[in-house]
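Using my numbering, the first residue of the sequence shown is number 12, and each one after it goes up by one.
Glycine included, each C-beta is placed from N, C-alpha and C at the ideal position.
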Amino acid sequence: MRTLDLSDINIKGELAVRSGLNYVRLEGEWYRPDEVFQADKHGWPADWEGRVILALTLLAQSTHRTPAYLDEIIEKIPEHLNAKGYFGPILPDGIIDEQHVSGHSWIFRALTEYYTLTRDENIKVMMETMAKGFLLPLKGKFSQYPIDPDNRFNMQDVWKLSQLQTKTKHHAETSDAGCAFIMLDGVTAAYKMLRWPELKQIVEEIIERYMEMDLVRLNIQTHATLSAVRGILRFYELEKDPKYLDYAKRRYQLYTSEAWTEAYGNYNWFGAPRWTEPCAIIDSFIVTTTLWKLTRDVQYLEDAHHIYFNALCHGNRINGSFGSDICSGAVEADDNLFIAPVNYETYWCCTMRGGEGFTRAIEYNFFIDENSVYLPYYNDCTATLRFEQGKLVLEEKTEYPYEGRVSIKVLSATDTSEKTWKLFVPSWSKQSEAQVTINGNKVKAVLNNGFMEFKTSLKENDIIAMEFEQLFYAEDVTLKNNIHGYYMFKYGPMLLGSEAEVQINTLDGNRFENYAESKYKSAEKINIPRDTAFKKAGKGQFKACDSDITLSSLCDIKQLTREDSMKQVLFSE
Numbered sequence: 012m013r014t015l016d017l018s019d020i021n022i023k024g025e026l027a028v029r030s031g032l033n034y035v036r037l038e039g040e041w042y043r044p045d046e047v048f049q050a051d052k053h054g055w056p057a058d059w060e061g062r063v064i065l066a067l068t069l070l071a072q073s074t075h076r077t078p079a080y081l082d083e084i085i086e087k088i089p090e091h092l093n094a095k096g097y098f099g100p101i102l103p104d105g106i107i108d109e110q111h112v113s114g115h116s117w118i119f120r121a122l123t124e125y126y127t128l129t130r131d132e133n134i135k136v137m138m139e140t141m142a143k144g145f146l147l148p149l150k151g152k153f154s155q156y157p158i159d160p161d162n163r164f165n166m167q168d169v170w171k172l173s174q175l176q177t178k179t180k181h182h183a184e185t186s187d188a189g190c191a192f193i194m195l196d197g198v199t200a201a202y203k204m205l206r207w208p209e210l211k212q213i214v215e216e217i218i219e220r221y222m223e224m225d226l227v228r229l230n231i232q233t234h235a236t237l238s239a240v241r242g243i244l245r246f247y248e249l250e251k252d253p254k255y256l257d258y259a260k261r262r263y264q265l266y267t268s269e270a271w272t273e274a275y276g277n278y279n280w281f282g283a284p285r286w287t288e289p290c291a292i293i294d295s296f297i298v299t300t301t302l303w304k305l306t307r308d309v310q311y312l313e314d315a316h317h318i319y320f321n322a323l324c325h326g327n328r329i330n331g332s333f334g335s336d337i338c339s340g341a342v343e344a345d346d347n348l349f350i351a352p353v354n355y356e357t358y359w360c361c362t363m364r365g366g367e368g369f370t371r372a373i374e375y376n377f378f379i380d381e382n383s384v385y386l387p388y389y390n391d392c393t394a395t396l397r398f399e400q401g402k403l404v405l406e407e408k409t410e411y412p413y414e415g416r417v418s419i420k421v422l423s424a425t426d427t428s429e430k431t432w433k434l435f436v437p438s439w440s441k442q443s444e445a446q447v448t449i450n451g452n453k454v455k456a457v458l459n460n461g462f463m464e465f466k467t468s469l470k471e472n473d474i475i476a477m478e479f480e481q482l483f484y485a486e487d488v489t490l491k492n493n494i495h496g497y498y499m500f501k502y503g504p505m506l507l508g509s510e511a512e513v514q515i516n517t518l519d520g521n522r523f524e525n526y527a528e529s530k531y532k533s534a535e536k537i538n539i540p541r542d543t544a545f546k547k548a549g550k551g552q553f554k555a556c557d558s559d560i561t562l563s564s565l566c567d568i569k570q571l572t573r574e575d576s577m578k579q580v581l582f583s584e
């Protein structure tokens with residue numbers, strides 16, 4: 012099953028706004044050529060550079076706009092490489108720095124994507140040199156990565172583990188534990204491009220060590236956990252060994268059972284719900300969609316919808332950036348009945364990850380499997396679907412997630428052969444009542460594993476339309492590490508919240524750099540009985556019939572997250 016080439020999708024609507032705003036943010040002062048190579052002050056060579064190149068390369072394809080500074084950034088790479096062809100200092104023989112490994116994963120991802128786009132042979136040569144200088148010496152080292160929870164920081168004769176952070180005192184209480192395993196993303200991308208047997212052996216070694224770790228006892232960073240899962244899934248798609256798909260499923264299940272918030276975000280570390288991290292949220296969106304693609308298990312797809320419309324959209328800020336939020340529902344989190352920014356903008360990592368998050372959201376609108384067409388997501392767009400016999404050019408319009416309506420008009424058709432169409436109908440709707448029409452005539456469609464399936468041939472000006480009624484419902488908090496006795500109100504995939512009046516209290520007046528020292532003072536919590544009747548009051552908005560309480564979604568483009576945004580999302584009687 013394949014997605015469309017990004018050149019064949021022109022996105023519109025809210026996703027176009029979000030991706031455009033993020034793109035503009037990534038051409039701001041921190042992401043320009045003179046800043047990119049000196050921005051990191053905390054010992055993560057290649058991290059900032061790789062993330063911004065990756066984001067701009069992907070957004071260039073998904074938005075069809077040439078980046079303002081990408082080519083200039085690429086041209087400056089060689090002058091910032093060491094004598095062995097990679098970033099940062101050359102470490103002593105036999106010593107591996109975890110943060111160097113983590114950071115270089117991003118430059119390998121970035122260069123493989125840039126080479127795929129441009130076919131610039133100079134980039135391939137740079138990649139090969141970097142792989143020889145940085146990746147090949149990793150052989151045999153990951154099997155020695157310290158995984159004893161009681162003694163790991165006393166076992167640094169080979170590994171220099173992620174250092175205690177100095178951004179704030181809260182960071183200084185921990186390291187980015189396990190960040191070396193982010194490299195599974197970069198090394199599998201390099202292996203996919205170069206296909207060196209030595210790289211395959213390194214990938215296998217890293218995966219096996221990763222599966223040996225007790226992620227919970229080690230308080231491993233969940234971003235590292237999910238980036239590793241993405242790498243494992245890429246390796247599975249290359250090698251087709253089922254154990255790797257099983258590994259990915261097991262690690263994702265551990266993540267959702269141990270480190271998921273009620274707003275579908277993440278605990279930044281297993282066992283430490285201090286804030287969410289959009290890097291991990293974007294990883295989880297990609298992981299869930301990929302798991303659905305590989306297994307056809309619709310639960311993964313429904314997880315992905317919840318992640319996108321709640322955690323990812325709320326983490327996206329009004330200026331196009333991304334930042335961390337309260338861990339809604341987590342027992343140990345402050346203000347855990349609410350969702351609100353903890354750090355308004357994490358410009359040193361998460362804002363850059365938004366480029367891939369939105370690019371994948373654009374790419375995932377259509378999947379093709381031989382002569383079957385899947386629509387697992389709905390967004391306004393035009394798209395060209397290519398088959399052996401010809402192509403279909405479609406215009407899609409939708410009101411999802413606010414309403415269960417989508418229409419697909421055929422703008423042109425050089426392939427008029429019969430296709431099987433599969434349109435997603437989620438469990439939070441009246442699935443049995445979903446209806447499909449073509450040119451206004453009802454079509455016999457069968458609900459199968461979360462999709463309405465039907466066969467038809469199409470010609471120019473034909474219109475496929477589908478409607479399904481989404482449900483308004485209350486759902487209990489059930490995750491094992493979260494507070495029980497509370498419930499959430501939802502409409503479709505959207506978590507609904509009550510806007511709270513807040514006041515930002517800061518110790519030093521600097522809300523960006525010293526974010527962990529800043530606290531939001533929330534209004535007192537409100538109680539809403541579970542059986543309260545609500546009526547629609549606008550797009551993604553519902554008003555209680557017997558009070559002035561209004562609930563609204565986390566994903567409306569008109570309510571992009573501000574510094575003072577705060578909503579109560581968990582309620583009791």
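- In the DSSP assignment, Thr-370 falls within the unbroken alpha helix (DSSP H) covering 361-374.
- In the three-state reduction of the DSSP assignment, Gln-174 falls in the coil class.
- Per the DSSP secondary-structure output, Pro-352 pairs in a beta bridge with Asp-336.
- Leu-244 has its alpha-carbon roughly 8 Å from the corresponding atom of Leu-302.
- For Val-404, the enclosing beta strand (DSSP E) begins and ends at 401-409.
- Taking the CA atoms as reference points, Glu-46 sits about 16 Å from Pro-78.
- Shown here, Gln-167 sits in coil according to DSSP, grouped into three states, outside any helix or strand.
- For Leu-507, the pairing in a beta bridge is given by DSSP as Phe-500 and Ser-564.
- Uninterrupted alpha helix (DSSP H) stretches at least 4 residues long and entirely within the stretch 300-347 occur at 309-317, given in chain order.
- Contact annotation: the stretch 158-174 does not touch the stretch 125-142, with fewer than three C-beta pairs closer than 8 Å.
- His-91 and Phe-98 have their C-alpha atoms spaced approximately 7 Å apart.
- A Cβ-Cβ separation of about 6 Å places Leu-507 in contact with Ser-564 under the 8 Å criterion.
- Proximity of the stretch 491-509 to the stretch 271-283 meets the contact definition, three or more beta-carbon pairs being nearer than 8 Å.
- In this structure Asn-347 is buried. Its beta-carbon is surrounded by 16 or more other beta-carbon atoms within 10 angstroms.
- Between Tyr-413 and Val-353, the alpha-carbon positions lie close to 27 Å from each other.
- Contact check for Thr-236 and Arg-262: beta-carbon distance about 6 Å, within the 8 Å limit, so the pair qualifies.
- Under DSSP, Gln-446 takes part in a beta bridge, and its partners are Glu-478.
- For Asn-21, DSSP records a beta bridge to Thr-393.
- An exposed status is given to Phe-164, since fewer than 16 other beta-carbon atoms sit within 10 Å of its beta-carbon.
- With a cutoff of 8 Å on beta-carbon distance, Ala-270 and Val-580 are scored as not near each other.
- Rounded to the nearest angstrom, the Cβ distance from Tyr-502 to Phe-483 is 5 Å, consistent with a contact under 8 Å.
- Note on geometry: alpha-carbon atoms of Pro-289 and Ser-335 lie some 6 Å from one another.
- Under DSSP, the beta-bridge partners assigned to Thr-14 are Phe-378.
- DSSP, reduced to helix, strand and coil, places Ala-485 within a strand of the structure shown.
- The stretch 384-394 makes no contact with the stretch 439-455, as fewer than three CB pairs between them are under 8 Å.
- The stretch 459-477 and the stretch 420-437 touch, with three or more beta-carbon pairs separated by less than 8 Å.
- Around the beta carbon of Arg-573, a 10 Å sphere encloses fewer than 16 other beta carbons of the protein chains shown; the residue is thus reported as exposed.
- When C-alpha distances from Val-342 are compared across Phe-119, Ala-66, Ser-116 and Gly-496, the shortest belongs to Gly-496.
- With 16 or more other CB atoms across the displayed protein chains lying within 10 angstroms of its CB, Glu-124 is buried.
- Taking a C-beta distance under 8 Å as the contact criterion, Trp-59 and Ala-50 qualify as a contact pair.
- The three-state secondary structure of Tyr-255, taken from DSSP, is helix.
- Cys-566 and Tyr-411 have their C-alpha atoms roughly 11 Å apart.
- Beta bridge pairing from DSSP links Ile-419 with Glu-407 and Ile-475.
- When only Cα atoms are considered, Lys-304 and Thr-199 end up about 19 Å apart.
- The beta carbon of Leu-312 lies closer than 6 Å to those of Trp-303 and Pro-387 in the same chain, with the five residues before and after it left out.
- In the pairwise beta carbon analysis, the stretch 146-165 is classified as not touching the stretch 79-87: fewer than three pairs are separated by under 8 Å.
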